[in-house]
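Protein chains in written order, with UniProt numbering: chain A, 1 to 494; chain B, 1 to 494.
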């Protein structure tokens, strides 16, 4: 037994079997080749090898008497190896199958003094610093497998329903959505900036001939497409240049935005609930091993918390609870009534006390409704017009003459706002009035208004923050741990 | 029969049947509701209604004797209407089913004097100006349905093979890929730009604390993930700030970039060929109607060309030809030999004559190989190192001492380069040498080099320009017609 496999040259195919498949095989005593990264090497004899196809490792049994010491020394945590051997039923405890190695080749060494990932528990904070390597841990293997499954499930859901996947532009000249601060996109130079005669930056000389930004939402363009295809969705990156260093915000994140013609707020709520249940159920079915691991991980984490702060439900219970129960639907006005008479409001435990209709709900209020009062996902509808966007459909004023819009926010336990949406204002005059009130330039938005000029129709849509969905399904608590290379203030590493 | 359906309020579900389904129904004489946009209205009697679910229209038969004239006048091209009526077998020619209307409601008017889309052929150039409305034409309905199907097929293909979908960052501090000019992303102001003591722009005060750009490729980050999961792919937007106004380039486009550990160039070629065949075959099966329409459209277009310039194959023939034939594989060196002795080179018809090994291939050469010489997709491999990127794996020098790299470009008839990829240089020292030669800063790329420090392994990947794939499968000729809202120099409209 020596390290004698030749480095494959470009005319040979590299054949290997995935560890995921081998761990389930029933065909023993045949020759297999596996390649992966050493997790541990015990007693100069047992390699735990992982290739990323699953969280598990396969045990490689090394014939250490017949393996050169030079080679044994190079089998270190993190090293990449190719092993050919015989797959056999394991006689050891804790695994079903072993590979009895006949040849071992070191593909890439890993200096044990320098490799940052040792076979011990590392903090999530530390792993964030080495985001390029954290995928090699069980936790991040599980998180990103679940993320993958959720992304696929979203495409599958909309495809089955006949929605058209639209790629709306990332670079946009419109800043009308008003969802927050934007990043400038430019090819102009900070030195020698071209100027107009009156000394302003001359964006006519910029790449696009005008000032451009990174999109905060594909909704407005999505509406254009919905008014032709009937049903569309987007799934793409969106951006906020907000200086928020929280566990729930990113400067760059992915959003899913369906938009449906001939639909109202009721349809919109139903679509959102159906989608959430579909994708959670898909993940439970297709990521059993990963979600079980994350479930146990979370239970361990919870143990370090005081009893009172621990979650009443395990991760798996929480996910199943979502599937089995209807989301609670109530209006903003009803929610205010509940909040006003709630204990934390009466006892002045809320930081922002609720005393008037019209107040914007804070995270503490949303959490109270979802986690204490209803104990399940909640859809709040019909918010005051003044705290919502210009494009939301204006309801008839209520008995007290208060103006609301056909908006909806879906709140999830532990996450807060998961989805925000609305029926859109399809009536040209109402829309233009509202834009005027809110100082949104109508000439730049001629194309948006055109959809109301030519064959307007009721339509509705929403936006789902993809990372918040991944947070919920994985039970992770920091949004920076569910996206590969998080972007946030003062950080664009990797 | 009057326009008497009430506008649905938010407590009613809007129920409608899709025209796509109705056109295939066999259950007649039942009440149905359809909603859509009027394509034409003939003789105050026949509405051709489209709802985007398919290209086809359903014929609505209006009882014009019992319909108020005021309503009839509002049934104009582009108007959105809701029709309830009975679905019956058509007695007219050219359609199977009719809806005999009992009630008609105008959801949104369309002033026939102002609506830009008239029931006649519009030029693609004109339609580009009204990209927000062009989805309502048959051509763009077909194009974007095919685009959707191709996107879904890509996810399906990789999901079935166990690849993990990675969202690599759009905002990046790295500019090492060297794929072209980049867009700056910043929150700094052109007026009052913060400066360091020596007068340079102080990017420490920018949002991310450093200079950042829009990514030109997710490959480098993809490699990090492949070295943990084994097999990953990206599917996201990428950017080039290049001032190219061609029918093949966009400033913002979508790219698919798989990356596979324990794989070499041969595996890479096979993966690319398998993927291309899978997604083309998926589109042929799932977009029969659309591809047939595009096939006929292209044949019409071809008729306006001189005989010599017409394509020998129809669109459908071209797609099937791709499925049925193996892609031709040859090295750059072999390609140079063929090109040198080719007629257009001998007769000096090439703009750039090929006389030496080492020359970069131009579009005219690629087209000659693909369209004249081999008449099928061609995979060119093993290019001179000097015309390729730093991260490509260095081959052993050939008999004449010439240095090549394990690169591959896949060329398609009518498109040119569809895919570019390579085996990656996994050997740390070779990689660092090359980076030094090419002045690529190693300290900024510490994370990239880490994958070669800790458990390096042979790996390979490629990038597929999604819009070029859509061009090929739809037979469209301008890349601006296969993305919803194209971004190119001096244009960021919508």
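Just so you know, even glycine gets a beta-carbon here, dropped at the ideal spot from N, CA and C.
All of these numbers come straight from a predicted model, not from anything done at the bench.
Which residues DSSP lists as bridging residue i, in chain order
{"i": "residue 233 (chain A)", "result": "A:165, A:258"}
{"i": "residue 383 (chain B)", "result": "B:405"}
{"i": "residue 171 (chain A)", "result": "A:214"}
{"i": "residue 99 (chain B)", "result": "B:60, B:87"}
{"i": "residue 219 (chain B)", "result": "Bridge partners of residue 219 (chain B): none, in fact."}
{"i": "residue 106 (chain B)", "result": "B:81"}
{"i": "residue 33 (chain B)", "result": "B:84"}
{"i": "residue 491 (chain A)", "result": "A:488"}
{"i": "residue 392 (chain B)", "result": "B:424"}
Nearest candidate by alpha-carbon position, reference residue i, set the options
{"i": "residue 107 (chain A)", "options": "A:336, A:290, A:144, A:14", "result": "A:14"}
{"i": "residue 87 (chain B)", "options": "B:80, B:95, B:81", "result": "B:95"}
{"i": "residue 151 (chain A)", "options": "A:469, A:301, A:28", "result": "A:469"}
{"i": "residue 154 (chain A)", "options": "A:213, A:145, A:233, A:210", "result": "A:233"}
{"i": "residue 97 (chain B)", "options": "B:286, B:104, B:59", "result": "B:59"}
{"i": "residue 358 (chain B)", "options": "B:402, B:240, B:415", "result": "B:402"}
{"i": "residue 163 (chain A)", "options": "A:220, A:212, A:227, A:102", "result": "A:227"}
{"i": "residue 111 (chain A)", "options": "B:490, B:216, B:368, B:452", "result": "B:452"}
{"i": "residue 413 (chain A)", "options": "A:156, A:378, A:77", "result": "A:378"}
{"i": "residue 41 (chain A)", "options": "A:74, A:66, A:32", "result": "A:74"}
{"i": "residue 284 (chain A)", "options": "A:132, A:219, A:145, A:170", "result": "A:145"}
{"i": "residue 225 (chain B)", "options": "B:373, B:482, B:460", "result": "B:460"}
{"i": "residue 430 (chain A)", "options": "A:396, A:329, A:410", "result": "A:396"}
{"i": "residue 398 (chain A)", "options": "A:391, A:383, A:389, A:387", "result": "A:383"}
{"i": "residue 270 (chain A)", "options": "A:181, A:327, A:253, A:289", "result": "A:327"}
{"i": "residue 514 (chain B)", "options": "B:381, B:103, B:26", "result": "A query on residue 514 (chain B) cannot be resolved here, the shown segment of chain B reaching from 1 to 494 and no further."}
{"i": "residue 27 (chain A)", "options": "A:335, A:89, A:62", "result": "A:89"}
{"i": "residue 171 (chain A)", "options": "A:156, A:331, A:209", "result": "A:209"}
{"i": "residue 53 (chain B)", "options": "B:458, B:138, B:78", "result": "B:138"}
{"i": "residue 293 (chain B)", "options": "B:286, B:55, B:83, B:390", "result": "B:55"}
Cβ neighbour criterion (16 or more within 10 Å) applied to residue i
{"i": "residue 465 (chain B)", "result": "buried"}
{"i": "residue 347 (chain A)", "result": "exposed"}
{"i": "residue 323 (chain B)", "result": "exposed"}
{"i": "residue 313 (chain B)", "result": "exposed"}
{"i": "residue 514 (chain A)", "result": "With chain A running from 1 to 494 in the structure shown, residue 514 (chain A) is simply not present."}
{"i": "residue 19 (chain B)", "result": "buried"}
{"i": "residue 426 (chain A)", "result": "buried"}
{"i": "residue 486 (chain A)", "result": "buried"}
{"i": "residue 407 (chain B)", "result": "buried"}
{"i": "residue 494 (chain B)", "result": "buried"}
{"i": "residue 204 (chain A)", "result": "exposed"}
{"i": "residue 483 (chain A)", "result": "buried"}
{"i": "residue 456 (chain A)", "result": "buried"}
{"i": "residue 184 (chain B)", "result": "buried"}
{"i": "residue 304 (chain B)", "result": "exposed"}
{"i": "residue 231 (chain A)", "result": "buried"}
{"i": "residue 80 (chain A)", "result": "buried"}
{"i": "residue 481 (chain B)", "result": "buried"}
{"i": "residue 123 (chain A)", "result": "exposed"}
Close beta carbons around residue i, own chain, < 8 Å, minus the five adjacent residues each side
{"i": "residue 8 (chain A)", "result": "Confidence is the limiting factor: at residue 8 (chain A) the pLDDT is only 45, short of 50, which leaves the residue's position unreliable, though a coordinate-based value still follows. The answer, listed in chain order, is 14."}
{"i": "residue 415 (chain A)", "result": "248, 468, 471, 472"}
Close-in-space but distant-in-sequence residues of the same chain around residue i (CB under 7 Å, 5 per side omitted)
{"i": "residue 280 (chain B)", "result": "319, 322, 323, 473"}
{"i": "residue 243 (chain B)", "result": "489"}
{"i": "residue 11 (chain B)", "result": "Unreliable positioning characterises residue 11 (chain B) in this predicted model, as indicated by a pLDDT of 41, which lies under 50. A coordinate reading is not provided."}
{"i": "residue 175 (chain B)", "result": "182, 213"}
Close-in-space but distant-in-sequence residues of the same chain around residue i (CB under 6 Å, 5 per side omitted)
{"i": "residue 298 (chain B)", "result": "315, 475"}
{"i": "residue 134 (chain B)", "result": "127, 140"}
{"i": "residue 362 (chain B)", "result": "352"}
{"i": "residue 310 (chain B)", "result": "302"}
{"i": "residue 463 (chain A)", "result": "255, 257, 420"}
{"i": "residue 6 (chain A)", "result": "Confidence is the limiting factor: at residue 6 (chain A) the pLDDT is only 42, short of 50, which leaves the residue's position unreliable, though a coordinate-based value still follows. Once the five neighbours on either side are set aside, residue 6 (chain A) has no close Cβ partner at all."}
{"i": "residue 370 (chain A)", "result": "378, 411, 413"}
{"i": "residue 62 (chain A)", "result": "45, 101"}
> Can you give, in chain order, each stretch of the alpha helix (DSSP H) that sits fully within the segment 440-464 of chain B and has at least 4 residues?
Replying inline: List check, alpha helix (DSSP H) in window: 446-453.
> Could you give the uninterrupted runs of the beta strand (DSSP E) lying entirely in the segment 337-379 of chain B, keeping only those of 3 residues or more?
Replying inline: DSSP runs (the beta strand (DSSP E)) wholly in the segment 337-379 of chain B: none.
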